[in-house]
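Before any comments, here is the structure.
Number of protein chains: 2
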Amino acid sequence: MEYKNVIAIDAMGGDNAPAEIIKGAIEAINERADIKLRLFGDKDKIETELNKYTYNKEQIGITHTTEEISCNEAPAMAIKKKKDSSLVVAIKSVKSGECDAIVSAGSSGAILVGGQVLIGKGKGVKRAPLAPLTPTAKGVSLLIDCGANVDARPEHLLQFAQMGSIYMEDVVGVKNPRVAIVNIGAEEAKGNALVKETYPLLKACKNINFIGSIEARDIPKGEADVIVTEAFVGNVILKLEEGLASTLIHIIKEGMMSTTRSKIGGLLVKPALKDTLKTFDATEYGGAPLLGLKGLVVKIHGSAKAKETKTAIFQCVTFKEQRINEKIVAHLAEEMAQAKEEKAGEQ
Amino acid sequence: MEYKNVIAIDAMGGDNAPAEIIKGAIEAINERADIKLRLFGDKDKIETELNKYTYNKEQIGITHTTEEISCNEAPAMAIKKKKDSSLVVAIKSVKSGECDAIVSAGSSGAILVGGQVLIGKGKGVKRAPLAPLTPTAKGVSLLIDCGANVDARPEHLLQFAQMGSIYMEDVVGVKNPRVAIVNIGAEEAKGNALVKETYPLLKACKNINFIGSIEARDIPKGEADVIVTEAFVGNVILKLEEGLASTLIHIIKEGMMSTTRSKIGGLLVKPALKDTLKTFDATEYGGAPLLGLKGLVVKIHGSAKAKETKTAIFQCVTFKEQRINEKIVAHLAEEMAQAKEEKAGEQ
């Protein structure tokens with residue numbers, strides 16, 4: 003049988019690989035009959051895990067690989083040298099068209115380099131940003147860029163805003179997403195050189211709903227849908243959110259265990275609190291796509307478990323159905339044509 | 003009577019001025035007999051507030067001013083034009099030596115500009131950073147710089163690390179404080195151009211305890227005492243911490259109100275939780291000093307209430323007793339002499 007969606011899974015990447023990754027894969031195919039998964043990694047290990055489950059065998063394929071890339075290796079070198087690693091072979095299956103997308107919980111650096119080098123950027127794309135969804139009080143926002151593209155230029159940020167808008171509208175389903183740039187004050191005159199140069203470009207861009215600057219304190223409140231920033235700041239925001247949320251939840255739990263009274267109270271609030279905190283759990287929202295490539299690469303947390311793996315697989319399907327990369331390239335081409343026309347008009 | 007510590011208070015700055023600022027001032031002098039406060043602002047309004055309290059009248063002085071600087075004004079222009087504003091007159095009282103320090107909850111920009119322009123930087127100080135204490139799971143860390151010094155250079159960050167170490171050791175009492183630079187990975191090779199250039203300078207600096215890079219997720223855990231970063235990123239960290247903590251606490255409270263069971267539990271855990279969350283409340287730790295000036299300027303939150311005002315006043319006293327600014331200038335002079343010597347040795 004031909005499957006509409008074929009997703010490559012790096013079965014060896016991540017802290018909980020292969021067990022949790024394969025568990026998530028099985029959960030995904032048991033929920034949807036239109037997905038086929040190809041697992042890349044050590045065949046014996048993969049089969050040991052697969053044997054634990056009941057599933058439609060047609061929906062799983064295995065490609066045996068002999069190497070693994072660890073998080074401590076220099077990414078560019080690892081991608082170049084470890085040609086038979088689960089990650090490299092899986093990424094190449096997207097390049098060749100065998101698979102539609104790849105999900106990996108492996109080394110972030112290697113995923114970023116691998117995606118850009120082995121698959122390549124779409125026409126007109128200057129840089130491929132990593133764009134995770136982050137939980138807010140109102141739902142989710144797209145934080146773009148959180149990758150390794152440090153020292154970005156204004157024209158990169160402009161493209162990130164455009165790519166992010168397309169993603170939020172077509173994958174997440176937010177109508178006319180509000181785009182904001184991270185700044186240290188609300189006024190246009192504030193900010194560092196990069197923000198000051200980028201601001202007018204975003205303001206002039208007709209195809210996005212630019213609402214101006216956003217201060218970091220308003221990000222968790224959900225005041226914008228697409229949060230544009232260069233990767234260093236994006237990375238700081240993403241990791242601080244994760245670190246602070248887990249630290250706060252930890253000290254709240256400790257606080258609840260501090261007296262007999264609070265222990266009893268803690269037991270009573272637990273179920274309600276669990277639901278609430280779930281909405282603020284980054285792992286609920288799947289993975290972070292590397293946008294603008296000629297194929298889809300989705301990075302999930304190194305600590306990803308079955309749930310996140312499954313969500314990321316479904317995300318890939320929506321991404322493919324919505325033809326996001328094609329839309330991005332078309333959008334950028336249109337933008338360039340417009341810019342050329344305007345330039346010609348000026349002369 | 004001569005007072006050892008004379009602190010200027012901008013009675014008109016901040017969302018809760020003058021009521022809460024003056025309440026905090028009274029609480030401070032009622033706790034310590036060795037402090038005199040000079041309140042700058044509208045005399046009538048100040049006296050109306052003062053009349054609510056019982057206190058030693060000798061410990062309070064008033065300087066009447068007729069103008070106020072709002073948060074919406076361009077800082078440099080406001081400082082230049084509003085010569086009779088509470089903030090400008092109060093800052094000048096530090097410059098003249100009448101007061102030892104100033105505390106203000108007014109416009110951040112105006113405080114930063116006013117401090118640097120009207121008081122001036124200490125000898126050898128390249129930039130004056132704003133350095134707030136931020137709560138962590140283990141206590142507090144100093145986040146330096148969070149001011150308006152965007153687009154910093156490596157030599158600025160090096161000085162921030164040195165100033166921050168002196169502050170944490172002598173004001174906060176942390177022995178041999180651990181200094182780390184904010185980065186997007188733990189390895190020396192990671193980061194943007196600024197971090198890559200700053201890293202070796204920090205590593206080579208003999209007078210600080212440099213422990214390397216810190217990822218944002220480890221900041222709330224308290225993995226370093228002095229967190230060095232340029233002001234844009236520092237500002238993002240500071241505001242994101244405040245925004246996320248308040249958003250999380252809000253949704254946790256909502257979660258507790260969602261069922262009858264959780265409501266009862268919420269009542270039982272409330273006292274214990276209040277104590278716990280207090281340790282994570284930034285307002286508990288007073289204000290943020292502008293380090294390296296020829297006088298002490300302390301900025302407190304625009305939303306500061308009496309408690310934060312009082313804590314900031316006590317912070318000023320410790321700062322003065324420990325002769326922090328003198329130590330900073332001496333430290334930088336020593337550093338410069340060493341560098342010269344080494345250069346001479348090389349030739």
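So the sequences go chain by chain: E and U.
For the first sequence, my numbering assigns the number 3 to the initial residue and increments by one for each residue that follows.
For the second sequence, my numbering assigns the number 3 to the initial residue and increments by one for each residue that follows.
Glycine included, C-beta positions come from ideal geometry on N, C-alpha and C.
Q. What distance in whole Å lies between the Cβ atoms of residue 6/U and residue 124/U, which are believed to be in contact at a cut-off of 8 Å?
A. Here residue 124/U refers to the residue found at position 122 when the second sequence is read from its first residue. Here residue 6/U refers to the residue found at position 4 when the second sequence is read from its first residue. Residue 124/U to residue 6/U, Cβ: 22 Å. No contact.
(Q) Would residue 1/E pass as an interface residue toward chain U - the criterion being a Cβ-Cβ separation below 8 Å? (A) No information on residue 1/E is available, as it lies outside the stretch 3 to 349 that chain E covers here.
(Q) Determine whether the beta carbon atoms of residue 87/U and residue 62/U lie at a separation below 8 Å. (A) If you number the second sequence from 1, residue 87/U lands on position 85. If you number the second sequence from 1, residue 62/U lands on position 60. In this structure, residue 62/U does not lie closer than 8 Å to residue 87/U by Cβ.
Q.
Please return the same chain residues whose Cβ sits closer than 8 Å to the Cβ of residue 281/U, not counting the five positions on each side in sequence.
A. Locating residue 281/U in the second sequence gives position 279, where the first residue counts as 1. Hits under 8 Å: 137.
Q.
I'd like to check one pair, residue 182/U with residue 210/U: are the Cβ atoms closer than 8 Å?
A. Residue mapping note: residue 210/U aligns to position 208 of the second sequence, counting from 1. Residue mapping note: residue 182/U aligns to position 180 of the second sequence, counting from 1. It is not a contact, given that the beta carbons lie outside the stated cut-off.
Q: Could you name the residues that DSSP lists as bridge partners for residue 217/E?
A: By one-based count along the first sequence, residue 217/E stands at place 215. 185/E.
Q. When the Cβ atoms of the segment 325-333 of chain E are set against those of the segment 41-48 of chain E, are three or more pairs found closer than 8 Å?
A. no
Q | residue 303/U, buried or exposed, once every other Cβ within 10 Å from all chains shown has been counted against 16 | A | Within the second sequence, numbered from 1, the residue matching residue 303/U stands at position 301. Buried, by the Cβ-count rule.
Q) In terms of residue numbering, what span does the beta strand (DSSP E) encompassing residue 145/E cover? A) By one-based count along the first sequence, residue 145/E stands at place 143. 141-146 is the span of the beta strand (DSSP E), which, as asked, contains residue 145/E.
Q | Span of the alpha helix (DSSP H) around residue 88/U | A | Mapped onto the second sequence, residue 88/U falls at position 86. Residues 88-97.
Q: Using a Cβ-Cβ cut-off of 8 Å, state whether residue 258/E counts as contacting chain U.
A: Numbered from its first residue, the first sequence carries residue 258/E at position 256. Yes, residue 258/E counts as interfacial toward chain U.
Q) So, helix, strand or coil for residue 263/U, using DSSP? A) Position 261 of the second sequence holds residue 263/U. In the structure shown, residue 263/U sits in a helix (DSSP, three-state: H, G or I).
(Q) Across the segment 300-314 of chain U and the segment 98-113 of chain U, are there enough close Cβ pairs to call them in contact, namely three or more that are closer than 8 Å? (A) yes
Q | Given residue 230/U as reference, the closest of 292/U, 246/U, 147/U, 115/U once Cα atoms are compared | A | Stepping through the second sequence from its first residue, residue 230/U is reached at position 228. Taking only the C-alpha atoms, the option nearest residue 230/U is 147/U.
Q.
Going by DSSP in three states, residue 302/E sits in which element: helix, strand or coil?
A. Within the first sequence, numbered from 1, the residue matching residue 302/E stands at position 300. Looking at residue 302/E - three-state DSSP - the assignment turns out to be coil, as it is neither helix nor strand.
Q: Take the Cβ of residue 323/E as the centre, count every other Cβ of all protein chains shown within 10 Å, and call the residue buried at 16 or more, exposed below.
A: Here the question's residue 323/E lines up with position 321 in the first sequence. Classification of residue 323/E: exposed, given that the 10 Å Cβ count is below 16.
**Q.** Assigned secondary structure, residue 420/U (DSSP; H/G/I helix, E/B strand, else coil)
**A.** One cannot answer for residue 420/U here, as it falls past the ends of chain U, which runs 3 to 349.
Q | Helix, strand or coil at residue 326/U [DSSP, three-state] | A | Looking up residue 326/U in the second sequence gives position 324. Helix, per DSSP.
Q) Who are the Cβ neighbours of residue 121/E in its own chain at under 8 Å, not counting the five residues just before and after it? A) The residue given as residue 121/E occupies position 119 in the first sequence. So the list reads 93, 96, 97, 295, 296, 297, 299, once near-sequence residues are dropped.
Q. Going along the segment 121-150 of chain E in order, which residues come within less than 7 Å of chain B, judged by CB to CB distance?
A. Note that chain B does not occur in the displayed structure, where the protein chains are E and U.
Q.
Considering Cα atoms alone, identify which of 152/E, 83/E, 291/E, 8/E is closest to residue 35/E.
A. In the first sequence, residue 35/E corresponds to position 33, counting from 1. Of 152/E, 83/E, 291/E, 8/E, the residue nearest in Cα terms is 8/E.
Q: Spell out the partners DSSP gives residue 180/E in its beta bridges.
A: What you label residue 180/E is simply residue 178 of the first sequence in a count that begins at 1. According to DSSP, which records beta bridges pairwise, residue 180/E is partnered with 211/E.
Q | Three CB pairs or more closer than 8 Å across the segment 247-257 of chain U and the segment 164-176 of chain U | A | no
(Q) With a threshold of 7 Å on Cβ separation, who are the neighbours of residue 326/U within its own chain once the five nearest residues in sequence on each side are excluded? (A) One-based indexing of the second sequence puts residue 326/U at position 324. Excluding positions up to five away in sequence, the list reads 168, 169, 172, 173.
Q) Are the C-beta atoms of residue 267/U and some chain E residue less than 8 Å apart? A) In the second sequence, residue 267/U corresponds to position 265, counting from 1. Output row for residue 267/U: interface = yes.
(Q) Between which residues of its own chain and residue 179/U is the CB-CB distance below 7 Å, once the five residues before and five after are set aside? (A) Locating residue 179/U in the second sequence gives position 177, where the first residue counts as 1. Contacts found: 167, 170, 171, 211, 227, 228.
Q. Would you say residue 205/U reaches chain E, if we count a Cβ-Cβ gap shorter than 8 Å as a contact?
A. Position 203 of the second sequence, counted from the first residue, corresponds to residue 205/U. It does not: the Cβ of residue 205/U has no partner Cβ on chain E nearer than 8 Å.
Q | Segment contact, 8 Å Cβ cut-off, at least three pairs: the segment 285-292 of chain E with the segment 13-23 of chain E | A | no
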